[in-house]
Ligand SMILES: Cc1cc2nc3c(=O)[nH]c(=O)nc-3n(C[C@H](O)[C@H](O)[C@H](O)COP(=O)(O)O)c2cc1C
């Protein structure tokens, strides 16, 4: 858990693409909420090996580090695109590694899907996280941003409708943590 007053938030991006709209959203949240949170956006999910239940008793080091990062976080934000009507494989893989653990149980969480459409990934991630945290996600802690790549890029400001939805999500996450 965090040592200072600031909350320690682990941010997981389902996109590992340079210039990712999802990464941009997380950077926006890190900057806007810098006074009250440390938003760690540095964990690269693509370093994790493919999930294998045979390794559950002897977890690879990268997986141990990922599980520790979740354990030590006051809250977790997942921000992801939809790939072929689902969540990206890197994100699904990371979440699979946690299924045999209780690291997400009761963990304050928020989810953002920023994609062309994204509705199927949104529904799927909601179900996955509800299962992992063992309770319904707060409806205010879930945001679906459609048309993401035309709206969000490193070169331009995020539109006010999107920033308003992200504000509601962050308030929900901070409320869950307190
Ligand atoms: C392999 C691939 C599959 C995709 N499939 C979908 C899809 O099923 N639904 C959707 O809404 N967008 C789909 N997209 C579009 C991405 O979700 C969209 O470009 C998104 O903004 C990428 O996020 P990023 O900018 O954070 O990388 C796909 C993109 C790629 C590269």
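Numbering (the numbering used here), first residue to last: 920 to 1097. Idealized CB from N, CA, C, for every residue including glycine.
Of the residues the options, the one placed nearest residue i, counting alpha carbons only
i	options	result
residue 1069	1011, 1000, 1035, 945	1035
residue 1021	998, 990, 1042, 1066	990
residue 960	926, 1041, 996	996
residue 971	1018, 1090, 958	1018
residue 981	951, 1013, 1005	1013
residue 947	1084, 1095, 1097, 1094	1084
residue 951	1042, 1096, 1087, 1095	1087
residue 1095	993, 939, 1077, 943	993
Near ligand 1: residue i beta-carbon under 8 Å from a heavy atom
i	result
residue 976	no
residue 972	no
residue 1073	no
residue 1023	no
residue 1033	yes
residue 1093	no
residue 940	yes
residue 1011	no
residue 1004	yes
residue 1001	yes
residue 994	no
residue 1067	yes
residue 932	yes
residue 949	no
residue 1085	no
residue 1061	no
residue 926	no
residue 964	no
residue 1036	yes
residue 1040	yes
Residues of its chain near residue i, where Cβ-Cβ distance is below 7 Å and the 5 sequence neighbours each way are ignored
i	result
residue 1056	1028, 1030, 1045, 1048, 1049
residue 963	935
residue 924	none
residue 1082	none
residue 1004	1039
residue 1006	933, 999, 1040, 1043, 1044
Contacting residues, own chain, Cβ-Cβ under 6 Å from residue i (five flanking each side not counted)
i	result
residue 1023	1017, 1051, 1052
residue 968	979
residue 965	935, 1009
residue 930	945, 958, 960, 996
Whole-number beta carbon distance between residue j and residue i, since they are thought to touch under 8 Å
i	j	result
residue 1040	residue 1001	3 Å
residue 1093	residue 1060	The pair is not a contact, with the Cβ atoms about 10 Å apart (cut-off 8 Å).
Residues near residue i in its chain [Cβ-Cβ closer than 8 Å; skip 5 each side]
i	result
residue 1037	1000, 1001, 1063, 1064, 1065, 1067
residue 986	978, 1016, 1017, 1020, 1022
residue 898	Given that the chain is displayed from residue 920 to residue 1097, the structure contains no residue 898 and the question cannot be resolved.
Any beta strand (DSSP E) of 3 or more consecutive residues that is wholly inside the segment 942-1027: 956-959, 994-999
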